[in-house]
Amino acid sequence: MTTHATAAHTTNHAMGVIHILQADLELTGPAAVAAPEAHTVASSLRPDLPLARDGWGNPCLPATSLTGSLRHHAAPHRRRALFGDVYKTPAAKQQDDDGDGGETIAIASPVRVLGTRLTLPDAPPAERRRTAVDRHRAAALATSLHSRELLPPGTELTLWLRIDTTATSSPLVDEVIALLAAWRPRIGGGRTTGYGRAELITVRHRTIDLTTPDGLRHWLTHGGPALVDDHATVVHDRAQTAGGAPDEPHLFGRALHFRIADALHIGSGTRTERPGRRSGPAQILRDHENTPLVPGTTWKGLLRARVEFILRSTGIGDVCASVRDGAPGSCGTCMVCEAFGFSERPRTPADSTPPPDTAGARGHLLFADSPIRDATVRVRNHVALDRVFGGARDEALFAEETAEDGHLTLHIRHDKPVPDLVRAALVLALADLADGTLGIGGATTRGYGTLTAEPATADWLTAQHTPAVNTLRTHTPPAGPAPQETRA
Ligand SMILES: [Zn+2]
-9 MTTHATAAHT TNHAMGVIHI LQADLELTGP AAVAAPEAHT VASSLRPDLP LARDGWGNPC
51 LPATSLTGSL RHHAAPHRRR ALFGDVYKTP AAKQQDDDGD GGETIAIASP VRVLGTRLTL
111 PDAPPAERRR TAVDRHRAAA LATSLHSREL LPPGTELTLW LRIDTTATSS PLVDEVIALL
171 AAWRPRIGGG RTTGYGRAEL ITVRHRTIDL TTPDGLRHWL THGGPALVDD HATVVHDRAQ
231 TAGGAPDEPH LFGRALHFRI ADALHIGSGT RTERPGRRSG PAQILRDHEN TPLVPGTTWK
291 GLLRARVEFI LRSTGIGDVC ASVRDGAPGS CGTCMVCEAF GFSERPRTPA DSTPPPDTAG
351 ARGHLLFADS PIRDATVRVR NHVALDRVFG GARDEALFAE ETAEDGHLTL HIRHDKPVPD
411 LVRAALVLAL ADLADGTLGI GGATTRGYGT LTAEPATADW LTAQHTPAVN TLRTHTPPAG
471 PAPQETRA
């Protein structure tokens, strides 16, 4: 039996010491902090995943978006002691499943979240569209266009924590400060495609000793952010440290460098306005600095589809087809789902079953956005041919922006081991990308989207090719799960 004693039962000490920690963070890339209702309600009038907003319609940050990341950063055996927990004993859960009700154990968190504040830069939240790739038709699935609202890079986030102790110096407070200083904050959804990266700027510590007149007066006459005043100590400063916490390691120990061999069109889902014309050119996706961009979602979708194809066509492993005609979805159990993650199948409004607690599981591979450097952006005109009469269809001229002559860097990182077979298949998928077998972006059938590897990356791919083929060849079809080794 589990003991029900909750050691971390924080009582309000009548005369104790209150520690307020104020952590200031800055988004270094876009973040997707979806409103809770966004996961269950879909409206054709709004983005599928709108930002969480407060009662005045301003974007806000649910405290759980930050504390979830901080909790995850703590060592597993310290999470409950620091951040509390609500759980059921295994025996109690059994009873609950039988309908007898169960006993819920709640451990109060000694680290309490007082609040968060979000300060947006001048740019309004961006909206980004992504499409699922149909491997067979090399076109976007008509039903799979999602859009999500994003907080722009440069957004500042502030988090206030409160810890009550009996003395002005406390190992618990020191532990939380050390935890914050080594934190690699990741906020909101879409982590595996490069969203939500943030850096800690400063941590301030204000000790309020209620046993002293000054402390008591400060506590009683101030509230909210004003509690952290000039008497606070700066216990962490980004400018004083050698950069932030390190990024997750590259899967292959390196970034991969490519250049565009022809032209790339990754649509933003919007068109420029052209007076007097039916519509302007389809615009390419750009980042907050207006640089053309290959989003992490595009890399991930493309490489996943190719990895699935390679593993299935070589008869290795029982891997699912995450993108089927008309119905994106993934099995959630195969090695590709383990490496790339999986999501629940899209819900229809008619679906009356309650939504699942978790929307799939996050993958171990992380794909960042790739800005395209030194690209020439051009507008290309196209004529849609009439298949029956052979000529140009009336008014079927369309135009689209393309990025040409640019360079781009692909960052594939991982935060947990990736199965060897997936790693090997990924090497072959990257080789397909480098030799033009696999195109990226829209209109690959019209000759767009061919990349060429830069010399160092080309040499590396050549060296990796034979070992990768051998890994796939020597693999005997598994009775159980695939081996869980990785070479970082
Ligand atoms: Zn699967």
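Numbering (the numbering used here), first residue to last: -9 to 478.
Even glycine gets a Cβ: it sits at the ideal position worked out from N, Cα and C.
Counting every other CB atom within 10 Å of its CB across the protein chains shown gives Cys327 a total of 16 or more, marking it as buried. Apart from sequence neighbours up to five positions away, the residues of its chain that approach Ala251 with a beta-carbon distance below 8 Å are Gly426, Thr440, Leu441 and Thr442, ordered along the chain.
Sorting Thr288, Pro203, Arg370 and His221 by C-alpha distance to the C-alpha of Ile402 places Thr288 at the top. Not a single heavy atom of ligand 1 lies less than 7 Å from the C-beta of Phe357. The Cβ-Cβ distance between His278 and Pro100 does not fall below 8 Å. For Val309, the shortest C-beta to heavy atom distance toward ligand 1 is below 7 Å. For Glu391, the closest C-alpha among the options Glu298, Arg302, Leu254 and Ser303 is that of Leu254. At least 8 Å separates the beta-carbon of Glu139 from that of Glu16.
The C-alpha of Thr155 is placed about 58 Å away from the C-alpha of Arg302. Per DSSP, reduced to three states, the secondary structure at Ala98 is coil, with no helix or strand assignment. DSSP lists Gln12 and Gly105 as the bridge partner or partners of Trp150. According to the DSSP assignment, Asp204 belongs to the alpha helix (DSSP H) that extends over Pro203 to Thr211. Scanning Leu72, Leu246, Thr94 and Val76 for the CA closest to the CA of Val103 turns up Leu72. Assignment of beta-bridge partners to Ile198 by DSSP yields Ile8. With a cutoff of 7 Å, Val408 does not count as near ligand 1, since its C-beta is closer than that to no heavy atom of the ligand. Secondary structure at Thr287: helix, using DSSP grouped into helix, strand and coil. In terms of CA proximity to Ile167, Asp14 leads the group Val284, Thr109 and Asp14.
Look at Ser160 here: in three-state DSSP terms it is coil, with no helix or strand label. Exclusion of Thr156 from the 7 Å shell around ligand 1 follows from its C-beta lying no nearer than that to any non-hydrogen atom of the ligand. In this structure, the alpha-carbon of Thr456 lies about 15 Å from that of Val412. Ser159 counts as exposed, since fewer than 16 other beta carbons sit within 10 angstroms of its beta carbon. Beta-bridge annotation (DSSP): Thr323 is not paired with any residue. Counted as a single uninterrupted DSSP element, the beta strand (DSSP E) harbouring Val76 occupies residues Asp75 to Lys78. In summary, Thr182 is buried, with 16 or more beta-carbon neighbours lying within 10 Å of its beta-carbon over all protein chains present.
For Asp425, no beta strand (DSSP E) encloses it, and the DSSP letter there is neither H nor E. Pairing Ala424 with Ala448 gives a Cβ-Cβ distance under 8 Å. In this structure, the alpha-carbon of Arg276 lies about 4 Å from that of Pro282. Leu355 places its beta carbon less than 8 Å from that of His404.
For Ala157 and Gly322, the gap between their C-alpha atoms comes out near 49 Å. Listed as beta-bridge partners of Ala21 by DSSP are Leu141. Rounded to the nearest whole angstrom, the CA to CA distance from Cys324 to Gly214 is 48 Å. For Ala414, the CB contacts under 7 Å within the same chain, skipping 5 residues up- and downstream, are Ala458, Thr461 and Leu462 in chain order. In this structure Ala393 touches Val367 by the C-beta definition: roughly 6 Å separates them, less than 8 Å. Of the residues Arg194, Val408 and Leu190, the one whose Cα lies closest to the Cα of Phe330 is Val408.
According to the DSSP assignment, Ala443 belongs to the beta strand (DSSP E) that extends over Leu441 to Ala443. By the CB criterion at 8 Å, Ala272 and Gly257 fall inside the cutoff.
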